[in-house]
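The next block holds one structure in the form of structure tokens; read it before the comments.
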Amino acid sequence: MKLFLFEMKKTLYTKAFTLFILLTVLFISGLYIKNTIQQDMIIVNKVQQFSEHRSDVFRDIQQYRHLLEELPDAKTEKKLQAALNLYGEINELIQSIQEKQWDNELQTEMNVYQSAMEYQDMEGTFDVNQRDMQEMILLNEELIKKGLPKEDLNLSIEPSIFMKKIITLLLNPFGFLVLLLILGISVTKEFEEKNIQMVYALPISRPYYILNKFVSLMSLGVCWLFIVFSISFLLPFIFTSTTENSFSYPLTSTEGNFITSSHYLKEAIIYSLFYMIFSVSIIIFFGFLIRNTIITSLILVFLHIGNFIVLMNGFVYSRNPLTYGMIDFAVLNDENQLFFGTSLLAGLSVLIIIISIVLNKRRGIR
Amino acid sequence: MRGFLFECKKVVKKKTTLIAISLSILAAIGLYMFNHSVAEDIEQGNISRLESFPEIFLNFANETKEEKEKAFVAGDTAKAEEFDRDIDHYQEAIVNYEKLKKSFEEEDWETLYEKDFNEMQIFIDDPNGAVYKIEEQELSNFTIRATYEEIKILKENKSKPFIQNTIYQSFLPTIYDDFTGSSLEQWESETKRYGREGFSFLIQLIQLLYIPAVVLIGCFIFGNNISTEATKKNRGMNLYKVLPYSRLKLFFAKYLSGYMYLLVYSMVMMAIPLICSLFTNGLGSLENPILVYEGSQPSLFGNSLNPMVDQFHFIDYREYFWKVILFLAVFSFFMYSIYFLLAIQIKSATISLILLGTITYLGMTHLVSKFNPFIYTDFHKIITGETATLTYNLEITYTTGLILYLLVGIALSLIGYIKFRFKRQL
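Order-wise, the sequence lines are chains A and B.
As numbered in numbering that gives the first Met the number 0, residues 0 to 365 make up the first sequence, in order.
As numbered in numbering that gives the first Met the number 0, residues 0 to 425 make up the second sequence, in order.
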């Protein structure tokens with residue numbers, strides 16, 4: 000226990016970790032303040048989006064009227080009626096958005112999309128895909144069923160949605176990479192500054208020392224995760240008036256299924272914890288193997304950037320442990336199974352630690 | 000000069016530096032191999048897709064033949080004639096798809112350019128009447144015009160194109176398109192470009208911020224020659240203090256040796272994809288075109304992009320690469336001067352790297368001003384005028400970036416020297 004506390008203290012004394020925690024808190028608070036200030040932008044954006052659609056429909060109406068003046072035709076008459084109907088519904092929707100009547104807004108938006116799909120079938124102009132509109136209707140139905148307003152996933156200050164945004168921004172290969180680089184210093188620095196000679200001269204077995212290092216770094220990593228989750232929850236929870244069942248907000252998975260935001264957060268926390276264990280085992284492995292800050296850091300950088308490039312090119316395999324480093328994607332990807340993912344990460348972590356212990360058991364210090 | 004040579008020698012003698020360089024080279028080779036295999040897969044995928052079309056149409060033709068015979072037996076000659084026309088149409092489609100497949104297999108780009116060129120002519124001749132849609136969303140006229148001109152240049156130069164995940168039009172993606180939802184996904188998938196030849200791949204990498212990443216890593220490897228000699232356990236700097244050697248000379252020997260290695264390292268990392276391509280698809284042509292935006296004129300209603308009116312032109316790869324190399328020299332000087340300053344102050348190379356990376360990222364994304372040097376980090380967007388067009392600030396130019404990097408770099412180097420000269424305990 001004493002050794003564990005000593006290792007924790009050593010990392011904290013480097014100041015880099017404390018600074019990183021501070022920057023994380025500042026980042027989350029800054030984003031919360033920015034989103035709070037930009038709440039009106041959500042309404043402005045929505046109004047702008049539907050105003051553009053309204054302009055398109057209005058242009059069509061003018062054209063149909065002009066055509067009917069020249070040559071009356073039943074088909075054009077039908078199109079004009081459909082356009083006028085859609086135009087009226089968009090106006091109603093814009094009014095609901097401006098008056099912040101979210102329940103009316105959801106219903107009217109569904110009506111607009113229904114009419115828009117029919118209008119598109121008549122070759123009318125409405126610049127949204129039918130597939131997207133159908134998805135939007137499904138989401139609105141789900142929201143009405145749960146009695147929840149629609150949230151802007153980027154600007155929302157509802158606790159669960161804000162937490163999701165933070166998870167997307169911080170718990171990704173780049174966020175984990177920065178943390179690992181900071182934590183990794185405490186392993187390699189001991190070899191570079193030759194402090195390890197003193198440590199190895201103490202009556203402590205090497206496996207015990209490596210395990211202590213692993214547990215202390217993991218605790219610091221978990222401490223960072225705790226701060227990320229708690230600050231991103233507490234800020235909106237304290238300062239934003241939330242609806243009762245805001246944690247049952249429906250989120251769409253990659254296959255188009257709905258999962259509740261509470262389910263999303265639960266899985267995100269579990270994946271983050273296991274990925275943290277796996278990441279720390281990687282630092283222990285490379286740190287004790289290479290014993291050099293620059294080389295270890297470079298390997299971590301290339302590993303994470305390479306993984307990011309591979310994922311961005313669509314090569315997503317549930318057997319690749321690094322896939323779980325993009326927590327948001329890991330949770331929303333229907334192909335991933337929580338039990339398999341966490342077992343894989345835990346199993347590999349144990350294996351990596353055993354290998355690290357075996358490799359360093361009798362290795363000397365140059 | 001001796002001090003400079005001594006510092007240069009020290010860097011080369013370090014095993015860490017050599018391993019770090021080797022690792023970087025291996026990573027660049029890995030990146031090339033990965034991209035090459037993805038590009039090959041996409042090309043094979045396109046050919047496989049084309050293989051299925053003749054089979055589908057042959058099936059249609061056979062089914063229609065049966066229908067025709069039935070109609071013939073029933074004495075419905077009008078229907079039979081209609082089926083005949085359908086069969087002709089299906090057979091024509093089979094021939095066309097066979098030809099297209101052959102062109103893809105033999106990489107007969109001239110035929111493919113000719114086909115694309117002819118198919119796009121209608122959109123150029125009648126920009127208001129003919130529209131190209133991805134699902135229900137329209138493609139901008141600017142993209143159509145730019146793609147048309149690009150094909151024209153590629154055809155004239157007999158150059159090879161980028162590989163794209165489509166068997167139809169290989170559009171050039173521009174900033175003028177505003178797709179959403181599934182259309183955006185489809186558009187991105189079809190217009191994502193993979194360079195197979197060395198020069199094309201290098202351009203693809205430059206667009207993915209390869210150079211800033213290489214410079215950042217280069218600073219991390221070569222920018223610690225003062226900080227590594229001023230740690231608690233290594234007090235190498237104290238030795239210099241007792242020698243009859245001026246601090247100015249010492250500073251510049253250390254500073255310039257690191258910068259020189261950074262520059263060489265960056266150039267080597269740029270050359271790796273080119274060297275790799277010599278073993279696969281070759282270097283490609285330097286005559287290939289790169290789209291340059293000419294910006295948008297402000298209207299009475301404020302700033303907005305006008306796809307019908309806004310102009311563009313193309314520069315060739317040769318001009319583009321010269322600009323990149325010059326920019327690389329001043330950009331690396333600028334980044335190195337910041338890193339060196341941080342390294343004098345912080346000592347930990349990893350922390351300096353994280354700080355520099357964070358500052359660069361925040362500077363790139365959060366402050367749009369021609370005086371913000373980080374806004375010029377994305378070389379490609381600066382050279383092609385994309386940043387200037389998107390921010391409606393035509394003063395964000397390549398030349399401004401060059402001057403700014405040079406001035407800020409010199410200023411930061413001076414601050415670094417002052418810090419080094421007057422700091423009591425390094």
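We put the CB at the ideal spot given by N, CA and C, even for glycine.
Model, not experiment: these values are computed from the prediction.
- THR322 of chain A sits buried, since 16 or more C-beta atoms from the chains shown fall within 10 Å of its C-beta.
- Interface with chain B (8 Å Cβ-Cβ cutoff): THR341 of chain A is excluded.
- Under the Cβ criterion of 8 Å, ALA82 of chain A is not counted among the residues facing chain B.
- Against chain B, the CB of THR292 of chain A has a partner CB under 8 Å away; the residue lies at that interface.
- Taking the C-beta atoms as reference points, PRO158 of chain A is found nearer than 8 Å to PHE232 of chain A.
- With respect to chain B, the C-beta atom of ARG58 of chain A has no partner C-beta closer than 8 Å.
- Counting the other Cβ atoms within 10 Å of the Cβ of THR17 of chain A gives fewer than 16, which makes it exposed.
- Proximity of chain B to ARG205 of chain A at the Cβ level (cut-off 7 Å) is not reached, the minimal Cβ distance being about 22 Å.
- With its beta carbon at least 8 Å from every one in chain A, GLN206 of chain B lies outside the interface.
- Judged by beta-carbon spacing, LEU224 of chain A lies within the 8 Å limit of LEU272 of chain A, meaning their Cβ atoms are closer than that value.
- Under the three-state reduction of DSSP, TYR263 of chain A is assigned to helix.
- VAL330 of chain A is a Cβ neighbour of TYR263 of chain A, given a cutoff of 8 Å.
- Scanning the region 71-142 of chain B for uninterrupted alpha helix (DSSP H) segments of 4 residues or longer gives 76-105, 108-124, listed from N- to C-terminal end.
- Under the 8 Å criterion on CB atoms, VAL10 of chain B is classed as non-interfacial with respect to chain A.
- The shortest CA-to-CA distance from VAL279 of chain A to any of A:ALA81, A:GLU266, A:LEU182 is the one to A:LEU182.
- According to the DSSP secondary-structure assignment, PHE320 of chain B is paired through a beta bridge with no residue.
- By the C-beta criterion, the region 81-97 of chain B is judged to be in contact with the region 56-70 of chain B, since at least 3 inter-stretch pairs fall below 8 Å.
- For ASP333 of chain A, no alpha helix (DSSP H) encloses it, and the DSSP letter there is neither H nor E.
- The Cβ-Cβ distance between SER351 of chain B and TYR254 of chain B does not fall below 8 Å.
- Interface annotation for the region 388-408 of chain B against chain A: empty, criterion Cβ-Cβ distance under 9 Å.
- In this structure the region 323-333 of chain B does not touch the region 287-301 of chain B; the number of beta carbon pairs closer than 8 Å is below three.
- DSSP lists no beta-bridge partner residue for THR17 of chain A.
- Distance between GLY222 of chain B and PHE122 of chain B, taken at the CA atoms: about 54 Å.
- For ILE41 of chain A, the CB contacts under 7 Å within the same chain, skipping 5 residues up- and downstream, are ASP151, LEU154 in chain order.
- A direct Cα-to-Cα measurement between GLU155 of chain B and HIS312 of chain B gives close to 16 Å.
- Cα atoms of ILE276 of chain A and PHE339 of chain A: separation of roughly 16 Å, rounded to the nearest angstrom.
- By the rule that beta-carbons nearer than 8 Å mark a contact, ALA15 of chain A touches chain B.
- For PHE175 of chain A, no Cβ of chain B is located within less than 8 Å of the residue's own Cβ.
- Just so you know, the alpha carbons of PHE200 of chain B and THR253 of chain A end up roughly 31 Å apart.
- Apart from sequence neighbours up to five positions away, no residue of its chain approaches LEU22 of chain B with a beta-carbon distance below 6 Å.
- Using a CB distance below 8 Å, the part of the region 151-185 of chain A facing chain B consists of VAL177, LEU180, ILE181, GLY183, ILE184, ordered along the chain.
- Across the structure, GLY220 of chain A and GLY346 of chain A are spaced so that their CA atoms are roughly 19 Å apart.
- Spanning the alpha carbons of TYR416 of chain B and MET0 of chain B requires a straight line of approximately 18 Å.
- Per the C-alpha coordinates, the member of B:ASN45, B:GLU104, B:SER336 positioned closest to PHE250 of chain B is B:SER336.
- Within chain A, not a single residue places a beta-carbon under 8 Å from that of GLU39 of chain B; the smallest gap is close to 13 Å.
- For the options B:ALA70, B:PHE378, B:GLY408, the alpha carbon positioned closest to that of GLU81 of chain B is the one of B:ALA70.
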